[in-house]
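Read the structure below first, then the notes.
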Ligand code: ATP
Ligand code: MG
Ligand code: MG
Ligand code: MG
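Residue numbers (the working numbering): 418 to 996.
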């Protein structure tokens, strides 16, 4: 490609609204152009990079047997009504009406549409497992579209959905996607971590995020030297192994008086926990207070204390009253000694309402999966076990996680936590049967019985990846592309007035192209070498070749964009060197 023909204008100045390097550089280098807030046009160079990211994603999705499809972005309201997302999405959803006044939306994600398509065409367990994906434009009316294409209101996402008959199938589909994501983000050359994600209101099912490490990231995550990593929202809910709930002696339930005193608790805290180690968190979201104690040394048994009662207590008041004292493990003896304390809850968690009594509960998020029994405390102060979501209660909210601080112990005991920032590049999710149930996606199992399909959903921010790579790879001069993503392999600069230079550069370009090396040739006649060099640095191709004064001696200058290293190479040897 010749620069004289390329649809490109580079800018000397940063765009006024650009806060982060990728935004600044993509606009200055003429890769993208803003059409409206959070909405961008891709220009020739930018589109090439976007295509390359898409190609990597496509290859890795195909490699795990997922099949590509493409859904419309303009969608009917009904499916999103059935899952309540028409309401849940709130102002983030782009809504519109057709000429008949029918409600429509621009798809923010496509769980509903995929589930309905599979329901439409498949009916037997023999049809499953199935994974489908698309690389498609998504719409979200983000409150703060910032940072250019990092957070667009229109953006490109790869979204895939897996369909299985049983939990084991879902786990296998999830594992395949996870492995594909590792390969995708490795190939993109991103410095990333895989973190446990917020289990949120959907509750406890497995979910992980791929975060590119970047100071400009909006997500805060924690990691330990021992390899623990989590999104901060998830850090206190995620435990590496099931907690020893089975240890909870039911006798505690009987021993719990209806109205324990807060003084008893404070006494206990003063006795056992130093304030400086911040061993507990409190949540008074319920009418009663539930205080959660974690072992200060971070061992895997974060025991908990519930204080049922009808008094309103400000958690801050508790904090100020807990004086430093010697740390001791908090064990069964303590419960024996303090019969007013209930054991068995780790927070934060899910607020639920008992289906039968209407009593509100605070329960471990994992209960929302509907299979495991967990413990919780209710307003009556009894110790409740064997809760099953759906049967015993409905989840109706979450309690926020306590603030995590650098130096806090990792929940799995793998050392002190370090706080860092990241960009969410991918998100994989074991959805379970939530959407399939809402939309009636069932198949016949081996025994001819109708069973609800279990789903996974998996997203990659394709357009965001273009910017994320830049966040990790640029310098004060401009973009620095890894070879796999660069629009061209070589930026060839014809520099100088000597009439022999341009034909020589054209010849070299043809030879390089002939051996599979793509070339951007700066052949602009009236542009000074200085400006050409500046543009070459800004545009960021991995190798810059200058055809100039050295030509008389049969050499060209080869510069590595990333390292800045330059060397002269004989024209004859160039193809061999660069291949
Ligand atoms: P975020 O937390 O950044 O808002 P999200 O959790 O809302 O992202 P998901 O619904 O998990 O996003 O979508 C899957 C992927 O799509 C994300 O991991 C991210 O890479 C990408 N993505 C989401 N929102 C945007 C956006 N506004 N612009 C660009 N990419 C986005
Ligand atoms: Mg979002
Ligand atoms: Mg997110
Ligand atoms: Mg997400």
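Glycine included, each C-beta is placed from N, C-alpha and C at the ideal position.
Only a predicted model underlies this, so the values are computations on that prediction, with no experimental measurement involved.
Between the Cα of residue i and the Cα atoms of the options, which residue gives the shortest distance?
i, options, result
"residue 432", "490, 451 and 906", "451"
"residue 966", "932, 637, 517 and 922", "922"
"residue 940", "908, 874 and 968", "908"
"residue 919", "899, 944, 934 and 897", "944"
"residue 472", "493, 527 and 575", "575"
"residue 609", "914, 640 and 487", "640"
"residue 993", "946, 498, 925 and 959", "925"
"residue 475", "598, 864 and 582", "598"
"residue 833", "646, 463 and 509", "646"
"residue 913", "559, 510, 979 and 949", "949"
"residue 875", "439, 552 and 490", "552"
"residue 900", "841, 978 and 871", "978"
"residue 980", "954, 418 and 879", "954"
"residue 444", "573, 606 and 896", "896"
"residue 448", "873, 831 and 565", "565"
"residue 589", "601, 490 and 481", "481"
By DSSP, does residue i sit in helix, in strand, or in coil?
i, result
"residue 925", "helix"
"residue 534", "helix"
"residue 473", "helix"
"residue 503", "helix"
"residue 967", "helix"
"residue 437", "coil"
"residue 935", "coil"
"residue 982", "coil"
"residue 845", "strand"
"residue 478", "helix"
"residue 419", "strand"
"residue 564", "coil"
"residue 527", "coil"
"residue 920", "helix"
"residue 598", "helix"
Work out the CA separation of residue j and residue i for me, nearest whole Å.
i, j, result
"residue 495", "residue 571", "22 Å"
"residue 847", "residue 643", "26 Å"
"residue 429", "residue 513", "40 Å"
"residue 534", "residue 580", "12 Å"
"residue 937", "residue 477", "28 Å"
"residue 761", "residue 611", "At residue 761, the pLDDT of 33 sits below 50, so the modelled position is not reliable; the number obtained from the coordinates is stated separately. Cα to Cα, residue 761 sits roughly 29 Å from residue 611."
"residue 550", "residue 465", "21 Å"
"residue 531", "residue 521", "17 Å"
"residue 547", "residue 851", "17 Å"
"residue 517", "residue 492", "15 Å"
"residue 467", "residue 930", "21 Å"
"residue 524", "residue 506", "11 Å"
"residue 382", "residue 419", "There is simply no residue 382 to check, as the chain begins at 418 and stops at 996 in what is shown."
"residue 469", "residue 964", "28 Å"
"residue 928", "residue 459", "29 Å"
Excluding the five sequence neighbours on either side, which residues of its own chain have a C-beta within less than 6 Å of the C-beta of residue i, listed in chain order?
i, result
"residue 441", "431 and 435"
"residue 881", "567"
"residue 456", "570 and 571"
"residue 987", "971 and 972"
"residue 962", "907, 909, 973 and 975"
"residue 854", "869"
Please list, in chain order, all residues of the same chain as residue i whose beta carbon is under 8 Å from its beta carbon, the five residues on each side excluded.
i, result
"residue 838", "630, 631, 632, 633, 634, 635, 636, 637 and 638"
With a 10 Å radius around its C-beta and 16 neighbouring C-beta atoms as the bar for buried, classify residue i as buried or exposed.
i, result
"residue 562", "buried"
"residue 461", "exposed"
"residue 997", "Residue 997 falls outside the range modelled here, since the chain spans only 418 to 996, and no answer is possible."
"residue 593", "buried"
"residue 997", "No information on residue 997 is available, as it lies outside the stretch 418 to 996 that the chain covers here."
"residue 479", "exposed"
"residue 603", "exposed"
"residue 904", "buried"
"residue 487", "exposed"
"residue 424", "exposed"
"residue 529", "buried"
"residue 508", "exposed"
"residue 863", "exposed"
"residue 982", "exposed"
Skipping 5 residues on each side, what residues in its chain have a beta carbon closer than 7 Å to that of residue i?
i, result
"residue 984", "975"
"residue 614", "624, 625, 626, 648, 651 and 844"
"residue 538", "none"
"residue 541", "860 and 861"
"residue 664", "Caution applies to residue 664, whose pLDDT of 30 falls short of 50 and renders its modelled position unreliable; the model cannot decide the point."
"residue 867", "859 and 861"
"residue 932", "992 and 996"
"residue 438", "887, 888 and 891"
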